[in-house]
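Colleague: Handing you this structure, nothing more for now.
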Amino acid sequence: ASAILLIALIVVTVLANWIAKPIKGASEFAKGLSQLNLDLPQPKSSPLHEIQSLSEAMVNMRGALNTFLKYAPKDLVQDLVTSGKSAEIGGRRQEVTLMFTDIADFTTISEKLSPEDVMNYMSIYFEQMGEAISEQNGVIDKFIGDAIMAMWNAPLLNSHHVSDACSAALRASRSSNELNAELAANNFPELWTRFGLHSCEALVGNIGAPDRMQYTSLGAGVNLASRIEGLNKFYKTQILVSDTVRTNAGERFLFRRIDLVTAKGTTRPVTVFELLGERDEQSDFYIGGDAIRRAVKYEQAFDFYLHRDFEDAVNILEGLNDSAPEDYVVEKLLERCRRFIVEPPDRKWDGSTALDEK
3 ASAILLIALI VVTVLANWIA KPIKGASEFA KGLSQLNLDL PQPKSSPLHE IQSLSEAMVN
63 MRGALNTFLK YAPKDLVQDL VTSGKSAEIG GRRQEVTLMF TDIADFTTIS EKLSPEDVMN
123 YMSIYFEQMG EAISEQNGVI DKFIGDAIMA MWNAPLLNSH HVSDACSAAL RASRSSNELN
183 AELAANNFPE LWTRFGLHSC EALVGNIGAP DRMQYTSLGA GVNLASRIEG LNKFYKTQIL
243 VSDTVRTNAG ERFLFRRIDL VTAKGTTRPV TVFELLGERD EQSDFYIGGD AIRRAVKYEQ
303 AFDFYLHRDF EDAVNILEGL NDSAPEDYVV EKLLERCRRF IVEPPDRKWD GSTALDEK
């Protein structure tokens, strides 16, 4: 009798483990899904139909979640999951750094390609831009045709959001230039990308309707970031930033003042700067000693310009123009100073330029 009981206990133990092991695996897999950990190994198959069906359903759920996360920032979804809150219309005021990008002459480029080629073309482009943004802790808010809107410091707080955004712009610019080299080698039109960055307080949260909403940021600062990107067309620059970005980015980056400008749709003049690169010789984006010295001289000329010392500004700018005649920013300021020597601005002139084009 004792032998039979012992055998029975062994059989029960084996059966219990046989049943419990796949249940435990399915349980751990489900827990991982609840935390959006989608890299867990697939649960082992079970001879029990119910457990196997449950495991297969959860694997399908993982696939659905993977697909869903391509439409929404993972950090945002993870925050909702861990907080236990449901998504609702509304937001909060928060400091963010915003980036807008745009491709020069994209309409003309796309007219020469089939819709399928445009989609393939842009998929490669967006992948490279997206990697540069995400590597620097940015979140892509939306794709707007050929443009990208991205932001930093939301949904996750980031004390280095301004410098991260600047690094992302430099990385994305380099990626774009590398892609253009490949495109040109294969006789495809190049995609010249322009960037605009602005740091401001914005309303960040969910907008839309109760059954269809989008996580984004709203406010005058968001519109200004878009306008700053558009100024690249006027100054023939690639990366323009606001004075708030320049102030908070830190000394590792090299900027030069471009103008004090009132962009279309705005009422207050804003000083815009061109992001040239980094000062550190060890950085991948080191701008070089000559460029740094050139930027210092340009800043001196710009100070003379703002103080109405147009002749002193011209003396510096002519030297800069002779050494690099392709520098349109120098050429433009030089032209303006020469004009003001002949026709001085009135007493109310504050150095600002009003633009009526986007």
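Quick note on this note's numbering: the sequence shown kicks off at 3 and runs consecutively.
We put the beta carbon where it would ideally sit given N, CA and C, even for glycine.
Have a look at the DSSP bridge pairing and note the partners of N208.
Modeller: As a first step, residue 208 must be located in the sequence shown, where it is residue number 206. Answer is G92 and Y217, bridged to N208.
Colleague: Hey, T103 and E253 are a contact pair by Cβ (cut 8 Å); roughly how many whole angstroms apart?
Modeller: Translated into the one-based positions of the sequence shown, residue 103 becomes position 101. Translated into the one-based positions of the sequence shown, residue 253 becomes position 251. Rounded, the Cβ-Cβ distance is 25 Å, inconsistent with contact.
Colleague: Return helix, strand or coil for S371, following the three-state DSSP convention.
Modeller: A query on residue 371 cannot be resolved here, the shown segment of the chain reaching from 3 to 360 and no further.
Colleague: Under a Cβ-count criterion, where at least 16 other Cβ atoms within 10 Å of its own Cβ denotes burial, should N1 be classed as buried or exposed?
Modeller: Absent from the model: residue 1. The displayed extent of the chain is 3 to 360, so no value can be given.
Colleague: Of the residues G223, F342, M121 and Y237, which one's Cα is nearest the Cα of L246?
Modeller: Position 244 of the sequence shown, counted from the first residue, corresponds to residue 246. Before going further, note that residue 246 is Thr rather than Leu in the sequence given. Here the closest residue by C-alpha is G223.
Colleague: Between the C-alpha atoms of I91 and R340, what's the straight-line distance to the nearest angstrom?
Modeller: Residue mapping note: residue 91 aligns to position 89 of the sequence shown, counting from 1. Residue mapping note: residue 340 aligns to position 338 of the sequence shown, counting from 1. Their backbone Cα atoms lie some 54 Å apart in a straight line.
Colleague: What are the start and end residues of the beta strand (DSSP E) that includes F361?
Modeller: What the structure shows of the chain is the stretch from 3 to 360, and residue 361 is not part of that stretch, so it cannot be assessed.
Colleague: How far does the alpha helix (DSSP H) with D305 in it reach, from first residue to last?
Modeller: As a working mapping, residue 305 is identified with position 303 in the sequence shown. Its alpha helix (DSSP H) spans residues G291 to L308.
Colleague: In terms of residue numbering, what span does the alpha helix (DSSP H) encompassing R338 cover?
Modeller: Taking the sequence shown and counting its residues from 1, one reaches residue 338 at position 336. Element bounds for R338: Y330 to V344.
Colleague: What number of angstroms, rounded off, separates the C-alpha of P347 from the C-alpha of S354?
Modeller: One-based indexing of the sequence shown puts residue 347 at position 345. One-based indexing of the sequence shown puts residue 354 at position 352. Distance between the alpha carbons of P347 and S354 is about 11 Å.
Colleague: Of all the options E313, P271, V206 and R310, which has the alpha carbon lying nearest to the alpha carbon of D143?
Modeller: In the sequence shown, residue 143 corresponds to position 141, counting from 1. It is V206 whose Cα lies nearest to the Cα of D143.
Colleague: If you reduce the DSSP assignment to three classes, tell me which class K144 lands in.
Modeller: Start at 1 with the first residue of the sequence shown, and residue 144 comes out as number 142. Here K144 sits in strand by DSSP.
Colleague: Mind checking which residues open and close the alpha helix (DSSP H) that includes G321?
Modeller: Working through the sequence shown from its first residue, we reach residue 321 at position 319. Taken as a continuous stretch (DSSP letters only), the alpha helix (DSSP H) holding G321 covers F312 to S325.
Colleague: Going by C-alpha to C-alpha distance, which of C202, D292, S55 and A149 sits closest to G279?
Modeller: Residue mapping note: residue 279 aligns to position 277 of the sequence shown, counting from 1. The residue with the shortest Cα to Cα distance from G279 is D292.
Colleague: Give the C-beta separation of I343 and F304 to the nearest angstrom, bearing in mind that I take them to be a contact with Cβ-Cβ under 8 Å.
Modeller: Here the question's residue 343 lines up with position 341 in the sequence shown. Here the question's residue 304 lines up with position 302 in the sequence shown. About 16 Å; that fails the 8 Å criterion.
Colleague: Please report how far the alpha carbon of D329 lies from the alpha carbon of F255, in whole angstroms.
Modeller: For this step, residue 329 is matched to residue 327 along the sequence shown. For this step, residue 255 is matched to residue 253 along the sequence shown. Each residue's alpha carbon lies about 20 Å from the other.
Colleague: Measure the Cβ-Cβ separation of F257 and L172 and say whether it is below 8 Å.
Modeller: Here residue 257 refers to the residue found at position 255 when the sequence shown is read from its first residue. Here residue 172 refers to the residue found at position 170 when the sequence shown is read from its first residue. Taking 8 Å as the Cβ cut-off, F257 and L172 do not qualify as a contacting pair.
Colleague: Thinking C-beta only, is A265 closer than 8 Å to L357?
Modeller: Numbered from its first residue, the sequence shown carries residue 357 at position 355. Numbered from its first residue, the sequence shown carries residue 265 at position 263. A contact, by the Cβ cut-off of 8 Å.
Colleague: Where does N155 land, buried or exposed, given buried means 16+ other C-beta within 10 angstroms?
Modeller: Within the sequence shown, the letter at position 153 stands for residue 155. Label assigned to N155: buried.
Colleague: Could you please give the first and the last residue of the uninterrupted alpha helix (DSSP H) stretch that includes D245?
Modeller: For the purposes of this step, residue 245 is taken as residue 243 along the sequence shown, with counting starting at 1. Element bounds for D245: D245 to N250.
Colleague: Helix, strand or coil: how does DSSP classify F102 here?
Modeller: Here the question's residue 102 lines up with position 100 in the sequence shown. F102 falls in the strand class under three-state DSSP.
Colleague: Quick one: give me the first and last residue of the alpha helix (DSSP H) that L233 is part of.
Modeller: As a working mapping, residue 233 is identified with position 231 in the sequence shown. L233 -> alpha helix (DSSP H) spans A222 to Y237.
Colleague: Going by Cα to Cα distance, which pick from V263, F236 and G290 is closest to R281?
Modeller: To locate residue 281, count along the sequence shown from 1; it is residue 279. Ranking the options by Cα distance to R281, first place goes to G290.
Colleague: Please say whether A174 and L199 have beta carbons closer to each other than 8 Å?
Modeller: Residue 199 sits at position 197 when you count from the first residue of the sequence shown. Residue 174 sits at position 172 when you count from the first residue of the sequence shown. Not a contact, by the Cβ cut-off of 8 Å.
Colleague: Which ranges would you report for the beta strand (DSSP E) in the stretch 112-173 if only whole runs of at least 3 residues count?
Modeller: Counting only runs of 3 or more, we get 141-146 and 149-154.
Colleague: Is the beta carbon of Q302 closer than 8 Å to that of E203?
Modeller: Within the sequence shown, residue 203 is the residue found at index 201, counting from 1. Within the sequence shown, residue 302 is the residue found at index 300, counting from 1. No. Outside cutoff.
Colleague: Within 10 Å of its beta-carbon, does Q138 have 16 or more other beta-carbons around it, so buried, or fewer, so exposed?
Modeller: Against the sequence shown, residue 138 aligns to sequence position 136. By the 10 Å Cβ count, Q138 comes out buried.
Colleague: Check the DSSP bridge columns for I356 and list the partner residues they point to.
Modeller: For the purposes of this step, residue 356 is identified with residue 354 of the sequence shown, where counting begins at 1. Rather than Ile, the amino acid found at residue 356 in this sequence is Ala. Answer by DSSP bridge pairing, in chain order: T264.
Colleague: By Cβ distance below 6 Å, which residues in the same chain neighbour L308 in space, the five residues on each side in sequence not counted?
Modeller: Within the sequence shown, the letter at position 306 stands for residue 308. Cβ neighbours of L308 beyond the five flanking positions: G353.
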